[in-house]
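Residue numbers (UniProt numbering): 1 to 333.
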(Lines of atoms letter the chains of each structure in order from A and count residues from 1; the text may use other names and numbers.)
(Lines give C-alpha, C1' and ligand atoms only; values in the text may rest on other atoms or scores of the structure.)
Protein backbone atom coordinates (compact mmCIF):
# COMPACT_ATOMS: atom_id res chain seq x y z
CA UNK A 1 0.00 0.00 0.00
CA UNK A 2 1.35 3.42 -0.96
CA UNK A 3 1.87 6.10 1.63
CA UNK A 4 -1.02 8.26 0.40
CA UNK A 5 -3.36 5.26 0.66
CA UNK A 6 -2.21 4.59 4.20
CA UNK A 7 -2.85 8.22 5.08
CA UNK A 8 -6.30 8.09 3.46
CA UNK A 9 -7.28 5.00 5.46
CA UNK A 10 -5.91 6.50 8.67
CA UNK A 11 -7.72 9.76 8.03
CA UNK A 12 -10.96 7.92 7.38
CA UNK A 13 -10.59 6.00 10.61
CA UNK A 14 -10.02 9.20 12.56
CA UNK A 15 -13.07 10.83 10.95
CA UNK A 16 -15.24 7.80 11.65
CA UNK A 17 -14.09 7.74 15.25
CA UNK A 18 -14.85 11.43 15.64
CA UNK A 19 -18.34 10.96 14.19
CA UNK A 20 -19.04 8.06 16.52
CA UNK A 21 -17.89 10.06 19.51
CA UNK A 22 -20.04 12.99 18.39
CA UNK A 23 -23.08 10.76 18.02
CA UNK A 24 -22.61 9.19 21.42
CA UNK A 25 -22.01 12.55 23.02
CA UNK A 26 -25.04 14.18 21.41
CA UNK A 27 -27.50 15.38 24.02
CA UNK A 28 -30.73 13.35 24.20
CA UNK A 29 -34.04 14.84 23.15
CA UNK A 30 -36.06 15.62 26.28
CA UNK A 31 -39.80 16.12 26.05
CA UNK A 32 -42.17 17.04 28.86
CA UNK A 33 -45.63 15.40 28.71
CA UNK A 34 -48.57 17.32 30.15
CA UNK A 35 -51.45 15.27 31.56
CA UNK A 36 -54.58 16.56 33.31
CA UNK A 37 -55.11 13.24 35.14
CA UNK A 38 -53.88 12.52 38.64
CA UNK A 39 -50.69 10.55 39.28
CA UNK A 40 -52.50 7.31 40.16
CA UNK A 41 -54.93 7.17 37.22
CA UNK A 42 -54.21 4.44 34.71
CA UNK A 43 -53.72 6.81 31.77
CA UNK A 44 -50.91 8.48 33.70
CA UNK A 45 -49.33 5.13 34.48
CA UNK A 46 -49.69 4.16 30.81
CA UNK A 47 -47.84 7.33 29.81
CA UNK A 48 -45.07 6.63 32.30
CA UNK A 49 -44.69 3.09 30.99
CA UNK A 50 -44.64 4.36 27.41
CA UNK A 51 -41.93 6.91 28.26
CA UNK A 52 -39.83 4.20 29.88
CA UNK A 53 -40.16 1.94 26.83
CA UNK A 54 -39.27 4.78 24.43
CA UNK A 55 -36.19 5.62 26.49
CA UNK A 56 -35.11 2.00 26.36
CA UNK A 57 -35.92 1.45 22.67
CA UNK A 58 -34.07 4.61 21.57
CA UNK A 59 -31.05 3.91 23.78
CA UNK A 60 -31.79 7.04 25.83
CA UNK A 61 -31.91 9.23 22.72
CA UNK A 62 -35.50 10.33 23.51
CA UNK A 63 -36.41 10.92 27.14
CA UNK A 64 -39.96 11.83 28.14
CA UNK A 65 -41.02 13.16 31.55
CA UNK A 66 -44.67 12.82 32.56
CA UNK A 67 -46.24 15.73 34.49
CA UNK A 68 -49.69 14.70 35.84
CA UNK A 69 -52.42 16.80 37.37
CA UNK A 70 -52.10 19.72 34.95
CA UNK A 71 -48.78 20.65 36.57
CA UNK A 72 -47.52 22.36 33.40
CA UNK A 73 -50.52 24.68 33.27
CA UNK A 74 -52.08 23.19 30.14
CA UNK A 75 -55.84 22.84 30.54
CA UNK A 76 -57.37 19.72 29.03
CA UNK A 77 -59.53 21.68 26.57
CA UNK A 78 -56.45 23.58 25.34
CA UNK A 79 -54.35 20.51 24.60
CA UNK A 80 -54.50 20.43 20.79
CA UNK A 81 -53.76 24.15 20.57
CA UNK A 82 -50.99 24.04 23.17
CA UNK A 83 -49.19 21.14 21.50
CA UNK A 84 -49.64 22.61 18.03
CA UNK A 85 -48.25 25.96 19.19
CA UNK A 86 -45.30 24.30 20.91
CA UNK A 87 -46.27 25.39 24.43
CA UNK A 88 -45.46 21.78 25.38
CA UNK A 89 -43.91 19.16 23.11
CA UNK A 90 -46.33 16.42 24.20
CA UNK A 91 -49.64 16.22 26.02
CA UNK A 92 -52.62 13.96 26.49
CA UNK A 93 -56.30 14.71 26.89
CA UNK A 94 -59.62 13.19 25.92
CA UNK A 95 -60.74 13.86 22.39
CA UNK A 96 -64.09 15.36 23.43
CA UNK A 97 -62.27 17.98 25.49
CA UNK A 98 -60.85 19.53 22.32
CA UNK A 99 -63.92 19.73 20.10
CA UNK A 100 -63.53 23.51 20.10
CA UNK A 101 -60.43 23.04 17.93
CA UNK A 102 -61.50 19.87 16.13
CA UNK A 103 -65.29 19.23 16.30
CA UNK A 104 -65.08 15.73 14.81
CA UNK A 105 -63.37 14.53 18.00
CA UNK A 106 -66.85 14.59 19.55
CA UNK A 107 -68.22 11.80 17.40
CA UNK A 108 -67.67 9.05 19.98
CA UNK A 109 -69.37 11.03 22.75
CA UNK A 110 -72.71 11.01 20.93
CA UNK A 111 -75.19 9.47 23.39
CA UNK A 112 -75.79 5.73 23.02
CA UNK A 113 -74.16 5.54 19.58
CA UNK A 114 -71.40 3.11 20.63
CA UNK A 115 -72.32 0.19 22.87
CA UNK A 116 -69.02 -1.44 23.86
CA UNK A 117 -65.26 -1.71 23.28
CA UNK A 118 -65.68 -3.79 20.12
CA UNK A 119 -67.95 -1.16 18.59
CA UNK A 120 -65.54 1.56 19.70
CA UNK A 121 -62.79 -0.15 17.73
CA UNK A 122 -65.08 -0.17 14.70
CA UNK A 123 -65.63 3.56 15.09
CA UNK A 124 -61.89 4.19 15.43
CA UNK A 125 -61.18 2.17 12.29
CA UNK A 126 -63.46 4.58 10.43
CA UNK A 127 -62.52 7.91 12.02
CA UNK A 128 -58.89 7.61 13.11
CA UNK A 129 -57.33 8.52 9.75
CA UNK A 130 -59.50 11.64 9.55
CA UNK A 131 -58.57 12.60 13.11
CA UNK A 132 -54.88 12.18 12.29
CA UNK A 133 -55.15 14.26 9.13
CA UNK A 134 -57.02 17.07 10.87
CA UNK A 135 -54.61 17.06 13.81
CA UNK A 136 -51.64 17.37 11.44
CA UNK A 137 -53.28 20.44 9.91
CA UNK A 138 -53.11 21.90 13.41
CA UNK A 139 -49.43 21.04 13.86
CA UNK A 140 -49.99 17.90 15.91
CA UNK A 141 -49.18 14.20 15.42
CA UNK A 142 -51.12 11.38 17.11
CA UNK A 143 -48.90 8.92 18.99
CA UNK A 144 -51.45 6.54 20.51
CA UNK A 145 -55.00 6.58 21.85
CA UNK A 146 -56.70 4.71 24.67
CA UNK A 147 -60.34 4.87 25.83
CA UNK A 148 -61.67 5.47 29.29
CA UNK A 149 -63.80 2.66 30.74
CA UNK A 150 -67.59 2.71 30.78
CA UNK A 151 -69.05 6.10 31.64
CA UNK A 152 -71.45 6.51 34.55
CA UNK A 153 -73.72 9.05 36.24
CA UNK A 154 -73.10 9.94 39.90
CA UNK A 155 -75.71 11.64 42.09
CA UNK A 156 -76.32 12.72 45.67
CA UNK A 157 -79.80 11.16 45.70
CA UNK A 158 -81.45 8.15 44.03
CA UNK A 159 -82.58 8.66 40.43
CA UNK A 160 -85.43 6.45 39.26
CA UNK A 161 -87.25 8.33 36.50
CA UNK A 162 -86.43 11.09 34.04
CA UNK A 163 -88.38 13.47 36.26
CA UNK A 164 -85.74 13.00 38.97
CA UNK A 165 -83.14 14.54 36.65
CA UNK A 166 -84.87 17.89 36.29
CA UNK A 167 -82.87 20.77 37.65
CA UNK A 168 -79.84 18.64 38.60
CA UNK A 169 -76.60 20.53 37.95
CA UNK A 170 -74.53 17.97 36.05
CA UNK A 171 -70.85 18.19 35.19
CA UNK A 172 -70.42 17.90 31.42
CA UNK A 173 -67.46 17.64 29.04
CA UNK A 174 -68.37 19.53 25.90
CA UNK A 175 -71.25 20.91 23.87
CA UNK A 176 -72.46 17.40 22.96
CA UNK A 177 -72.79 16.26 26.58
CA UNK A 178 -74.18 19.67 27.50
CA UNK A 179 -76.90 19.20 24.87
CA UNK A 180 -77.63 15.74 26.22
CA UNK A 181 -78.07 17.08 29.75
CA UNK A 182 -80.25 19.94 28.56
CA UNK A 183 -82.54 17.52 26.74
CA UNK A 184 -82.85 15.50 29.94
CA UNK A 185 -83.83 18.56 31.94
CA UNK A 186 -80.53 18.89 33.78
CA UNK A 187 -78.41 22.04 34.03
CA UNK A 188 -75.05 21.46 32.32
CA UNK A 189 -71.86 22.67 34.00
CA UNK A 190 -68.83 22.18 31.74
CA UNK A 191 -65.73 21.41 33.84
CA UNK A 192 -62.23 20.10 33.25
CA UNK A 193 -61.09 17.17 35.35
CA UNK A 194 -59.18 19.10 38.08
CA UNK A 195 -62.13 21.46 38.58
CA UNK A 196 -64.71 18.80 39.47
CA UNK A 197 -63.90 18.26 43.14
CA UNK A 198 -63.83 22.00 43.96
CA UNK A 199 -67.18 22.33 42.19
CA UNK A 200 -68.62 19.47 44.24
CA UNK A 201 -67.24 20.96 47.44
CA UNK A 202 -68.66 24.39 46.71
CA UNK A 203 -72.05 23.09 45.59
CA UNK A 204 -71.68 24.32 42.03
CA UNK A 205 -72.59 20.84 40.77
CA UNK A 206 -74.90 18.16 42.18
CA UNK A 207 -73.87 15.33 39.90
CA UNK A 208 -71.02 14.15 37.67
CA UNK A 209 -70.63 12.03 34.57
CA UNK A 210 -67.31 10.21 34.24
CA UNK A 211 -65.68 6.78 34.52
CA UNK A 212 -65.19 4.79 37.68
CA UNK A 213 -61.46 5.44 37.38
CA UNK A 214 -61.87 9.17 37.93
CA UNK A 215 -64.60 8.67 40.52
CA UNK A 216 -62.19 6.65 42.67
CA UNK A 217 -59.21 8.93 42.04
CA UNK A 218 -61.27 11.94 43.15
CA UNK A 219 -63.01 10.15 46.04
CA UNK A 220 -66.55 10.94 44.91
CA UNK A 221 -67.99 9.07 47.88
CA UNK A 222 -67.16 12.14 49.94
CA UNK A 223 -69.80 14.09 47.98
CA UNK A 224 -72.03 11.65 46.08
CA UNK A 225 -73.81 8.46 47.10
CA UNK A 226 -75.34 6.86 44.00
CA UNK A 227 -73.60 5.60 40.84
CA UNK A 228 -75.51 4.42 37.78
CA UNK A 229 -73.77 2.47 35.00
CA UNK A 230 -75.45 4.36 32.19
CA UNK A 231 -72.75 3.65 29.55
CA UNK A 232 -74.13 6.66 27.70
CA UNK A 233 -70.99 7.61 25.74
CA UNK A 234 -67.35 6.78 25.09
CA UNK A 235 -64.28 8.91 25.56
CA UNK A 236 -60.81 8.23 24.20
CA UNK A 237 -57.57 9.89 25.26
CA UNK A 238 -55.14 11.02 22.60
CA UNK A 239 -51.40 11.22 23.23
CA UNK A 240 -50.18 14.06 21.01
CA UNK A 241 -46.79 15.42 19.99
CA UNK A 242 -45.84 18.71 18.37
CA UNK A 243 -45.41 18.00 14.66
CA UNK A 244 -42.27 20.12 14.21
CA UNK A 245 -40.60 18.46 17.18
CA UNK A 246 -41.62 15.06 15.85
CA UNK A 247 -40.22 15.74 12.38
CA UNK A 248 -36.90 16.93 13.82
CA UNK A 249 -36.25 13.41 15.09
CA UNK A 250 -34.27 11.11 12.78
CA UNK A 251 -36.54 8.94 10.67
CA UNK A 252 -35.26 5.77 12.33
CA UNK A 253 -36.08 7.18 15.77
CA UNK A 254 -39.60 8.10 14.69
CA UNK A 255 -40.09 4.58 13.40
CA UNK A 256 -38.87 3.13 16.69
CA UNK A 257 -41.30 5.26 18.71
CA UNK A 258 -44.16 4.38 16.37
CA UNK A 259 -43.38 0.69 16.83
CA UNK A 260 -43.41 1.09 20.62
CA UNK A 261 -46.77 2.89 20.43
CA UNK A 262 -48.26 0.26 18.12
CA UNK A 263 -47.14 -2.52 20.46
CA UNK A 264 -48.30 -0.86 23.67
CA UNK A 265 -51.65 0.59 22.57
CA UNK A 266 -53.50 -2.78 22.74
CA UNK A 267 -51.95 -3.38 26.16
CA UNK A 268 -53.29 -0.02 27.33
CA UNK A 269 -56.76 -0.96 26.02
CA UNK A 270 -56.65 -4.12 28.13
CA UNK A 271 -55.86 -2.01 31.19
CA UNK A 272 -58.89 0.14 30.41
CA UNK A 273 -61.15 -2.89 30.05
CA UNK A 274 -60.15 -4.16 33.48
CA UNK A 275 -60.74 -0.81 35.18
CA UNK A 276 -64.53 -0.67 35.27
CA UNK A 277 -65.25 -3.66 37.51
CA UNK A 278 -62.30 -2.86 39.76
CA UNK A 279 -63.32 0.75 40.35
CA UNK A 280 -67.03 0.03 40.76
CA UNK A 281 -66.15 -2.44 43.51
CA UNK A 282 -63.94 0.18 45.13
CA UNK A 283 -66.76 2.72 45.09
CA UNK A 284 -69.02 0.20 46.79
CA UNK A 285 -66.43 -0.53 49.46
CA UNK A 286 -66.43 3.18 50.23
CA UNK A 287 -70.18 3.34 50.74
CA UNK A 288 -71.57 4.21 47.31
CA UNK A 289 -74.53 2.41 45.82
CA UNK A 290 -73.66 1.11 42.33
CA UNK A 291 -76.44 -0.16 40.07
CA UNK A 292 -77.84 -0.16 36.58
CA UNK A 293 -80.34 2.61 35.83
CA UNK A 294 -84.02 1.68 35.77
CA UNK A 295 -85.17 0.51 32.31
CA UNK A 296 -87.70 3.36 32.11
CA UNK A 297 -84.93 5.88 32.79
CA UNK A 298 -82.72 4.40 30.08
CA UNK A 299 -85.63 4.46 27.64
CA UNK A 300 -86.29 8.12 28.45
CA UNK A 301 -82.61 9.00 28.02
CA UNK A 302 -82.43 7.27 24.66
CA UNK A 303 -85.63 8.91 23.46
CA UNK A 304 -84.50 12.39 24.49
CA UNK A 305 -81.16 12.05 22.70
CA UNK A 306 -82.24 9.98 19.68
CA UNK A 307 -81.69 12.73 17.09
CA UNK A 308 -78.34 13.96 18.36
CA UNK A 309 -76.21 11.85 16.00
CA UNK A 310 -78.08 13.18 12.97
CA UNK A 311 -77.83 16.73 14.33
CA UNK A 312 -74.08 16.25 14.78
CA UNK A 313 -73.73 15.01 11.20
CA UNK A 314 -75.55 18.05 9.86
CA UNK A 315 -73.23 20.36 11.81
CA UNK A 316 -70.14 18.32 10.86
CA UNK A 317 -70.65 16.96 7.32
CA UNK A 318 -67.57 14.71 7.51
CA UNK A 319 -69.26 12.79 10.32
CA UNK A 320 -72.30 11.77 8.26
CA UNK A 321 -70.72 9.00 6.14
CA UNK A 322 -68.72 7.77 9.13
CA UNK A 323 -71.81 7.40 11.33
CA UNK A 324 -73.74 5.77 8.50
CA UNK A 325 -70.99 3.21 7.83
CA UNK A 326 -70.54 2.60 11.55
CA UNK A 327 -74.22 1.79 11.97
CA UNK A 328 -74.06 -0.55 8.99
CA UNK A 329 -71.07 -2.43 10.38
CA UNK A 330 -72.57 -2.91 13.84
CA UNK A 331 -75.98 -3.90 12.46
CA UNK A 332 -77.97 -0.81 13.35
CA UNK A 333 -78.30 0.83 9.94
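Using N, Cα and C, we set each Cβ at its ideal position, and we do this for glycine too.
Review point. Quick one: Cα of residue 215 to Cα of residue 31, how far?
Key: 30 Å
Review point. Taking DSSP as the reference, what is the three-state secondary structure of residue 46?
Key: helix
Review point. Roughly how many angstroms separate the alpha carbons of residue 283 and residue 248, rounded to a whole number?
Key: 46 Å
Point to revise | residue 109 classed as buried or exposed, judged by whether at least 16 other C-beta atoms fall within 10 angstroms | key: buried
Review point. Can you tell me whether DSSP reads residue 32 as helix, strand or coil?
Key: strand
Exercise for review: Please report the residue range of the beta strand (DSSP E) in which residue 242 lies.
Suggested key: 236 to 242
Practice item. Assign residue 371 to one of three DSSP states: helix, strand, or coil. Key: With the chain represented from 1 up to 333, any question about residue 371 goes unanswered, as that position is not in the structure.
Review point. Which of helix, strand or coil does DSSP assign to residue 177?
Key: helix
**Study point:** Short Cβ contact (8 Å threshold) for residue 66 with residue 44
**Key:** yes
Point to revise | DSSP state of residue 91 mapped onto helix, strand, coil | key: strand
Review point. Exposed or buried, residue 82, counting other C-beta atoms within 10 Å across all chains shown (16 or more means buried)?
Key: buried
Check your understanding: CB residue 171 to CB residue 209, shorter than 8 Å?
Key -> yes
Review point. Leaving out the 5 sequence neighbours to the left and right, which residues in its chain are closer than 7 Å to residue 72 when beta-carbon positions are compared?
Key: 32, 34, 88
Practice item. Would you mind sorting residue 59 into buried or exposed? The rule is 16 or more other CB atoms within 10 Å of its CB. Key: exposed
Exercise for review: Excluding the 5 residues preceding and the 5 following residue 86 in the sequence, name in chain order all residues of the same chain whose CB lies nearer than 6 Å to its CB.
Suggested key: 242
Check your understanding: Rounded to a whole number of angstroms, what is the C-alpha to C-alpha distance between residue 146 and residue 99?
Key -> 17 Å
Practice item. Kindly list the residues whose CB is nearer than 8 Å to the CB of residue 318, restricted to its own chain and excluding five residues on each side of it in sequence; keep chain order. Key: 104, 130
Point to revise | Residues near residue 257 in its chain [Cβ-Cβ closer than 6 Å; skip 5 each side] | key: 54
Point to revise | Boundaries of the alpha helix (DSSP H) in which residue 186 is found, first to last residue | key: Residue 186 -> no alpha helix (DSSP H), and no H or E assigned at all.
Review point. Touch check for the segment 252 to 268 and the segment 113 to 123: three-plus C-beta pairs under 8 Å?
Key: no
Check your understanding: Which residues bound the beta strand (DSSP E) around residue 151?
Key -> 151 to 155
**Study point:** Nearest-angstrom beta carbon gap, residue 151 and residue 226 [assumed within contact, 8 Å]
**Key:** The Cβ separation is near 15 Å, so there is no contact.
Review point. Which same chain residues, not among the five before or five after residue 280, have their C-beta less than 6 Å away from its C-beta?
Key: 212, 290
Practice item. Give the C-beta separation of residue 325 and residue 142 to the nearest angstrom, bearing in mind that I take them to be a contact with Cβ-Cβ under 8 Å. Key: About 21 Å; that fails the 8 Å criterion.
Check your understanding: Do you know whose CA, among 173, 156, 263, lies nearest residue 234's CA?
Key -> 173
Review point. When DSSP labels each residue in this structure, what does residue 330 get in the three-state scheme?
Key: coil
Review point. Straight-line CA distance for residue 27 to residue 76?
Key: 31 Å
Check your understanding: Nearest to residue 111 by CA position, among 121, 102, 96, is which residue?
Key -> 96
Check your understanding: Where residue 133 and residue 140 are concerned, what is the direct C-alpha to C-alpha distance, given to the nearest angstrom?
Key -> 9 Å
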